Amino acid sequence: MYQELQKRFEQHLREVLAAKYNLELATIPLEIPPDLKFGELATPIAFELARKLRKAPKIIAQEIVAALAGLEGFAGFEVAGAGYINARLDRAAGARMTALGEQEHSSKGLLHAMVEHTSINPNKAAHIGHLRNAILGDTFVRLLRAAGQKVDVQNYIDNTGVQVADVVVGFLHLEGKSVAEVRQLIVDCEARAEGAVGRTAGAIDYYCWDLYARTSQWYTSGTDEENEARKKLRYETLHELERGGNETAEIAELVSTAVLRRHLETMLRLDIGYDFLPRESEILHLKFWEAAFAQLKEKGVLYYENEGKNKGCWVMTRPGSEIAEGDLNEDAKVIVRSNGTVTYVGKDIAYHLWKFGLLGKDFGYKPFFTYPDHECWISAEQGDEPHPQFGGAQAIYNVIDARQSDPQANVIQALRGMGYTDQADRYTHFSYEMVALTPRCAVELGYEVSEEDLKRPYIEVSGRKGFGVKADDLIDKLIAATRAEVDARQTGGAEAEAARPRIAEQIAIGALRYFMLKFTRNSVIAFDFKDALSFEGETGPYIQYAVVRARNIFRKAGTTPEAELAEFAKLAELDGYFHGEDAEDIWALWLRSARRTLVLEQCIATSEPAHLAKHAFQLAQEFNNFYHKHHILTEEDSARKTFLLATAAVALRELVLALSWLGIESPEAM
RNA sequence: GCGCCCGUAGCUCAGCUGGAUAGAGCGACUGGCUACGAACCAGUAGGUCGGGAGUUCGACUCUCUCCGGGCGCACCA
Numbered sequence: 016m017y018q019e020l021q022k023r024f025e026q027h028l029r030e031v032l033a034a035k036y037n038l039e040l041a042t043i044p045l046e047i048p049p050d051l052k053f054g055e056l057a058t059p060i061a062f063e064l065a066r067k068l069r070k071a072p073k074i075i076a077q078e079i080v081a082a083l084a085g086l087e088g089f090a091g092f093e094v095a096g097a098g099y100i101n102a103r104l105d106r107a108a109g110a111r112m113t114a115l116g117e118q119e120h121s122s123k124g125l126l127h128a129m130v131e132h133t134s135i136n137p138n139k140a141a142h143i144g145h146l147r148n149a150i151l152g153d154t155f156v157r158l159l160r161a162a163g164q165k166v167d168v169q170n171y172i173d174n175t176g177v178q179v180a181d182v183v184v185g186f187l188h189l190e191g192k193s194v195a196e197v198r199q200l201i202v203d204c205e206a207r208a209e210g211a212v213g214r215t216a217g218a219i220d221y222y223c224w225d226l227y228a229r230t231s232q233w234y235t236s237g238t239d240e241e242n243e244a245r246k247k248l249r250y251e252t253l254h255e256l257e258r259g260g261n262e263t264a265e266i267a268e269l270v271s272t273a274v275l276r277r278h279l280e281t282m283l284r285l286d287i288g289y290d291f292l293p294r295e296s297e298i299l300h301l302k303f304w305e306a307a308f309a310q311l312k313e314k315g316v317l318y319y320e321n322e323g324k325n326k327g328c329w330v331m332t333r334p335g336s337e338i339a340e341g342d343l344n345e346d347a348k349v350i351v352r353s354n355g356t357v358t359y360v361g362k363d364i365a366y367h368l369w370k371f372g373l374l375g376k377d378f379g380y381k382p383f384f385t386y387p388d389h390e391c392w393i394s395a396e397q398g399d400e401p402h403p404q405f406g407g408a409q410a411i412y413n414v415i416d417a418r419q420s421d422p423q424a425n426v427i428q429a430l431r432g433m434g435y436t437d438q439a440d441r442y443t444h445f446s447y448e449m450v451a452l453t454p455r456c457a458v459e460l461g462y463e464v465s466e467e468d469l470k471r472p473y474i475e476v477s478g479r480k481g482f483g484v485k486a487d488d489l490i491d492k493l494i495a496a497t498r499a500e501v502d503a504r505q506t507g508g509a510e511a512e513a514a515r516p517r518i519a520e521q522i523a524i525g526a527l528r529y530f531m532l533k534f535t536r537n538s539v540i541a542f543d544f545k546d547a548l549s550f551e552g553e554t555g556p557y558i559q560y561a562v563v564r565a566r567n568i569f570r571k572a573g574t575t576p577e578a579e580l581a582e583f584a585k586l587a588e589l590d591g592y593f594h595g596e597d598a599e600d601i602w603a604l605w606l607r608s609a610r611r612t613l614v615l616e617q618c619i620a621t622s623e624p625a626h627l628a629k630h631a632f633q634l635a636q637e638f639n640n641f642y643h644k645h646h647i648l649t650e651e652d653s654a655r656k657t658f659l660l661a662t663a664a665v666a667l668r669e670l671v672l673a674l675s676w677l678g679i680e681s682p683e684a685m
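Residue numbers (the numbering used here): 16 to 685.
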């Protein structure tokens, strides 16, 4: 409702400006007034026009207001302060619109989007940093879909990288395991995990977590001579993985696939799923790079360096580089090494050409993991037919942490250089800051923390060091904590007790997802169990609790939100309910409920889900306030009771919807 | 050395494309459960928005500079 009236107001303003001053402005500044006493919509346009029209802002504002006259949905316009133009809505009409709940989003500019997120190296368990990535990505997918966009969700799997190589080195050389033994270990781990409570203890990803950390240390823990040999082993292993078709690669395949399954299971606990898992092994073996290389050379994005430190390499100019063409550019980015192998950025360019359907090659596809409502496919050299179509997206979003902004910029630069400017413009590096541990949290977990680190505000998580909080451990801990709360609060009978595990899980996931979403993307999260396990104040459970309260009202009243909204629509006279002393707060709740579409579009435009998290919290806060002040079930005036029930119905509807976009369920009871 | 990000209440963070008296949560203190469940509500205290200069009718927001912190700047991924 709000956005629709905002557009109506803007259009009307344009007409007035054109008629009165013969002015056409590119943008009309609109804002939400800081207080309802200034109305519901405002514009400071008169300040901007003051210079142009050589008149005082206040005079201009008065002239505009005089010309604004009547506009459907509005009660009036007025000048305030030094020249603000404030608009007052026809509250009754606005409420009727809001009650209907049909908030049209603009259908223009809908694109086929692709979101890549999670992308954990399949050599260890997921940790809290990966959770932030996946939760941000999954939430953004939900937002795009809510806006009507078609979205493919991808999780890129680097199964032939140095991290997988490291854990393979661990299996082969630290543990001396054969292919058969590794295969057996994975089977044993899966059997153990099957029976375990949290399904995590003894799982393969946990096993690899420790082995990876041990191997990383092993590289530097010997004599210089030994370390040299170990490093050599590392790179030989890496090259065997890349080549494929050998025992080393077989172990890598076994381990990375088993760990990947664990990652999918972990994320599924948070209701996060994927459509397609492109793997680096196929990018290599299906020769994606060769196709990209040909294009890059042809378009002149890459050139062969004949001198300087990059002699013998194919390089590209970095974005923003000011070195003239032809001059020696030692700062250029190497894409093909002097030994003929391609770097990470090179492979990424090829992959992104595929994403936009510009490569002229495609993956093979095989089904890999079945979700309740869809199948997730994985790349393969020789795939199955038929298979769904992936790739060829119009807009892409890469959820990748801020440390990788340089390589991401390189890929965009390459696309632009190849003349794919539209694609480059619709390539969004959805960057976010890392999740770190507070020193206190690190100590609590039993890690050794140096004097220097103790003074820092936060300490970076490191898979290499095995330093961090594993995702499943955190989820288990949250579920245990919410279960204890639920047990302490609920007094129902056997039926209620049977529902408790499910409810505890819903609350735990709500707490976790909200925690990861309440911070804006470029803020480092200094993780602490005290904050993450909090269920009071600005948290997911607070919002879920507001939902439960609202539902309880309808349950006890023996009615439904839909029925009450239908009754509300029949009320002839509404104005009285929205004006007067204690009506302002209720109107504020309606008004915020009406802002759904505005918030959604803002989140998409800024790639920032935190705005929706804040919106949901404020909605819950205003509802709780309303709940406290106005007792509904004992209201004797039946028309007013209908009005109050409708208010609760609208708030409930918006809360549940906002939570669903955040990937948070709304429990029936808590 | 170059690039990016951050610095707002004791702590953790919001603050929409510059706009009206700078907000929330936590913590502290005070009060409220015989009313739809207190995972709640009401109130009090707490701020030179890191410092300085500039642009502007107007700056937490834009520019410059300095201070403090973080992260990137590989023929690693």
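Where a beta carbon is used, it is the ideal one built from N, C-alpha and C, also for glycine.
The structure displayed is predicted, hence computed values, not measured ones.
Ignore the nearest five residues each way along the sequence and tell me which others in residue i's own chain have a CB closer than 7 Å to its CB.
i: Q633; result: R607
i: A343; result: The sequence given here has Leu at residue 343, not Ala. E322 and G323.
i: A598; result: Y592
i: G406; result: W369, K370, G372 and D377
i: G217; result: C204, R207, A208 and A211
i: Q77; result: V94
i: A424; result: P334
Counting along the chain, where does the beta strand (DSSP E) carrying residue i start and finish?
i: C223; result: Counting along the chain, C223 falls outside any beta strand (DSSP E), though it belongs to the alpha helix (DSSP H) covering I219 to W233.
i: P382; result: G379 to T385
i: D502; result: It is not in any beta strand (DSSP E) - D502 instead sits in the alpha helix (DSSP H) that spans A486 to R504.
i: F542; result: I540 to F542
i: D167; result: K165 to Q169
i: N101; result: Y99 to L104
Buried or exposed for residue i, going by 16 or more other Cβ atoms inside 10 Å?
i: K485; result: buried
i: L430; result: buried
i: G144; result: buried
i: T235; result: exposed
i: D440; result: exposed
i: S296; result: buried
i: V700; result: An answer regarding residue 700 cannot be provided, because it is not within the stretch 16 to 685 covered by the chain.
i: E579; result: buried
i: Q428; result: buried
Under the three-state reduction of DSSP, which class applies to residue i: helix, strand or coil?
i: F638; result: helix
i: I75; result: helix
i: K13; result: The displayed coordinates of the chain run from 16 to 685. Any statement about residue 13 would go beyond what the structure contains.
i: T574; result: coil
i: I287; result: coil
i: E46; result: strand
i: T535; result: coil
i: H444; result: strand
i: L28; result: helix
i: V464; result: coil
i: N174; result: coil
i: M112; result: helix
i: S353; result: coil
i: E475; result: strand
i: K348; result: strand
Between which residues of its own chain and residue i is the CB-CB distance below 8 Å, once the five residues before and five after are set aside?
i: W304; result: I298, V357, G361, K362 and A365
i: L317; result: F308, L311, W329, V330, M331, I350 and V351
i: T385; result: C391
i: R418; result: M449
i: T263; result: V183, L187, T252, E255 and L256
i: L548; result: K492, L493, A496 and A526
i: A609; result: M16, Y17, G109, M112, T113 and Q118
Could you check where the alpha helix (DSSP H) with residue i kicks off and where it finishes?
i: H145; result: I143 to A161
i: S675; result: S653 to W676
i: L56; result: Run containing L56: none in the alpha helix (DSSP H); it sits in the beta strand (DSSP E), L56 to T58.
i: S394; result: It is not in any alpha helix (DSSP H) - S394 instead sits in the beta strand (DSSP E) that spans E390 to A395.
Sorted by chain position, which residues of the same chain lie with C-beta nearer than 6 Å to residue i's C-beta, five sequence neighbours on each side aside?
i: L368; result: A307 and L374
i: I518; result: V501 and P682
i: K165; result: H127
i: F658; result: Y592
i: M282; result: A149
Taking 7 Å as the cut-off, does the CB of residue i come closer than this to any heavy atom belonging to the ligand COA?
i: L430; result: Here there are no bound small molecules, and the ligand COA is not part of this structure.
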